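Asker: For reference, each letter of the sequence shown is one residue, going -19 to -1, 1 to 262 in mature numbering (1 follows the signal peptide of the UniProt record, and there is no 0). Using N, Cα and C, we set each Cβ at its ideal position, and we do this for glycine too. In this text, all values refer to a predicted model and were calculated from it rather than measured experimentally.
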Amino acid sequence: MKFLVKFVAIALCFCLASCQTIDDCPPGVPRDSHLAVFKGACYQFVTSYQRTHAEARQNCESQGGTLALVKTAEVQNYLYNALTYSYRDYHDKFWIGLNDIDKEQEFKWEDGAQLTYSNWGRPPFSDSYDCVLMDLELDGQWTEYPCETSHFLFLTFHERHPYICQYSLVHQHDASTSTTVVSIETTHVTPQPDTLETNSIETYSTVTDTAETGSITELTTAETDSDTTATTITTAVTGNTDTTVLIISNSCPAFSCDLDCGMDGFQKNETTGCSLCQCSV
């Protein structure tokens, strides 16, 4: 039994960490083929609309997100492959959440993080270019562009391009991160002679809790020299609570009876399974 409980606990932890779908994205983001989940974040590939950097940024922020934060090569490769293989786009340039608007040549992500990983195709060089595009014609490498308008001779062009929004995962029924945990506790006790009867107790509880954090924090298995075996999974969940608990248990109170039923034994309650102070017939 204890090995089964360990297996269930490990499988549950794996599922909680990896079973993420677009249903875990913010509720206001459209659920369509342009929404995907990767490495704990939701990405919305806005390929059908072209906007300036400010317009694209505002659109992402209006739904609780930012322009894509491409902080690792793994995310860069995922976004580029999604655009080229899933959406068959090989020529466009996509706004991402990197710029040096505040201070020239000091690039920061929209969440304030400093630039550590980069994928420049054309190194930034112009003081009038402050925003960054992922250029699919350059195999997804980055290019610095004017954020709003560019000029050629006497002509002015609005720099409107498609873009990628990024959102934090949330549970589908709550605006804060939530966790589902299962707590399984099994206890078997063998009564000793001349002692009060204690039936074996099996309790299975499923807890769905809305919380800022929640995780399985301890898995212990304890055995004593007697016939008592206890296996426990304990959980710690903190944050706001909105809890639904289902508990199915089978436990009997301490049993004491003056009747001597000999080999016949005592009758059992058909509903609870507990002993009655009546001899079996």
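Please report the straight-line C-alpha distance between residue -1 and residue 238, rounded to a whole angstrom.
Answerer: 53 Å
Asker: Output the distance between the C-alpha atoms of residue 145 and residue 137, rounded to the nearest integer angstrom.
Answerer: 25 Å
Asker: How is residue 240 classed by DSSP in three states: helix, strand or coil?
Answerer: Residue 240 falls in the coil class under three-state DSSP.
Asker: Give me the Cα-Cα distance between residue 2 and residue 79, rounded to the nearest whole angstrom.
Answerer: Their backbone Cα atoms lie some 26 Å apart in a straight line.
Asker: Looking at C-alpha atoms only, which residue of 52, 125 and 92 is the closest neighbour of residue 98?
Answerer: 52
Asker: If you count every other CB in all the chains shown that lies within 10 Å of the CB of residue 259, and 16 or more means buried, which is it?
Answerer: exposed
Asker: Who are the near neighbours of residue 129 in its chain, counting only those whose CB is closer than 8 Å to its CB and skipping five residues on each side?
Answerer: Closer than 8 Å at Cβ, skipping near neighbours: 33, 34, 35, 139 and 140.
Asker: Measure how close the beta-carbons of residue 88 and residue 63 come, nearest whole angstrom, since I'm counting them as under 8 Å.
Answerer: About 23 Å separates the two Cβ atoms, so there is no contact after all.
Asker: Roughly how many angstroms separate the alpha carbons of residue 55 and residue 132, rounded to a whole number?
Answerer: 35 Å
Asker: Consult DSSP for residue 56 and reduce its assignment to one of helix, strand or coil.
Answerer: helix
Asker: Which one of 81, 77 and 60 has the shortest CA to CA distance from residue 71?
Answerer: 60
Asker: Which residues mark the beginning and the end of the beta strand (DSSP E) in which residue 248 is found?
Answerer: 247 to 249
Asker: So, with DSSP's three-state summary, where would you put residue 69?
Answerer: In this structure, residue 69 counts as coil in the three-state DSSP scheme.
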